[in-house]
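Below: the structure, in structure tokens.
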Amino acid sequence: MLVRLAAEKATGALLRDHGTLYLVDGRVVHAESPAAPGVDILLTAGGRLPREGWDEAVDRAGAHRAVGRFLVDSGRLHDGELEICHLGAVFDAAFFALSPTSGPTRFRYGVGHWFGTVRPVSAEAVERETVRRRELLDAVWPYAAVDTSPVAPRAAAPGQTVGARQRALLAAADGRLTPAELARVLGRPAFHTLLDVRRLAAAGLV
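Using the numbering used here, the first residue of the sequence shown is number 659, and each one after it goes up by one.
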């Protein structure tokens, strides 16, 4: 359906079981999913933006669908910072929103998102990146059960080492938090967290 809507140059919201994609003239301008941290978490949990700065932007510009623009115009972010963060969040949420599902897919014409347009992305690019990410996960560790299971660290073998990013993930993992929950705690994209979890699983560390 996404490709068809792109061909129609449709504007609105594509609703699926695991998330929503927002289109303007057939191009993806925003995406959100319960499985992926939003732009707010990526900016605030990482320390780039105080929470009160985000809340002010939503209060003052949300009704005008211009939160992203407000963050730049008010000096809280540079254009490049916003674009990189927002594109990362779009591809992250789209990965989950476009996952295989048995539920209905609906499109609500004319619906927009309060964040506003930053950098539109073609539907083809979003679908291509989603497929690439799915293939990458399966190449690392082809058992998707770890994606939704609580992450429980295991002791490393003698001489076995991990990088700083994976060490931080293991330190936050407590046997109760799932990868999606860890992504929010760490302020990281959910896909990158899944990828680290699968790599750790392949290494026998979770």
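Think of the CB as a built atom: it goes at the ideal place given N, C-alpha and C, for glycine as much as any other residue.
- Query: Three-state secondary structure (DSSP) at A815?
  - Reply: coil
- Nearest candidate by alpha-carbon position, reference G862, set Q818, R706, R842, F849: Nearest C-alpha to G862 among Q818, R706, R842, F849: Q818.
- Message: Below 8 angstroms on the Cβ atoms is my contact criterion, and I expect E785 with L660 to pass it. Report the Cβ-Cβ distance as a whole number of Å.
- Response: 6 angstroms
- Query: How big is the Cα-Cα spacing for A830 and G670?
  - Reply: 38 angstroms
- Message: Within the continuous alpha helix (DSSP H) that includes T678, where are the two ends?
- Response: It is not in any alpha helix (DSSP H) - T678 instead sits in the beta strand (DSSP E) that spans 677-682.
- Task: Would you mind stating whether H771 and Y680 have Cβ atoms separated by less than 8 angstroms?
- Result: yes
- Query: By how many angstroms is the C-alpha of R662 removed from the C-alpha of R685?
  - Reply: 11 angstroms
- Query: So, using beta-carbon positions, are P837 and A848 closer together than 8 angstroms?
  - Reply: Cβ distance < 8 angstroms, so P837 and A848 count as in contact.
- Message: Comparing C-alpha positions only, which one of L740, A859, E666 sits nearest to S807?
- Response: A859
- Run through DSSP, which three-state label would H688 get? strand
- Message: For a test of the three-state rule: what should DSSP assign to A694, helix, strand or coil?
- Response: coil
- Going by alpha carbons, who is nearest to R674 out of T763, Y801, A781, W799? For the set T763, Y801, A781, W799, the Cα lying nearest the Cα of R674 is the one of T763.
- Query: Leaving out five residues before and five after W799 in sequence, what residues of the same chain have Cβ atoms less than 8 angstroms from its Cβ?
  - Reply: R856, R857, A859, A860
- Task: List in chain order: all unbroken alpha helix (DSSP H) runs of 4+ residues lying wholly within the stretch 816-858.
- Result: 822-830, 837-844
- Query: With distances taken between CB atoms, is the gap from H688 to V748 smaller than 8 angstroms?
  - Reply: yes
- Task: For G670, write down the residues that DSSP places opposite it in a beta bridge.
- Result: As a beta-bridge residue in DSSP terms, G670 pairs with L681, Y767.
- Message: Quick check on DSSP: helix, strand or coil for V779?
- Response: Three-state DSSP puts V779 in a strand.
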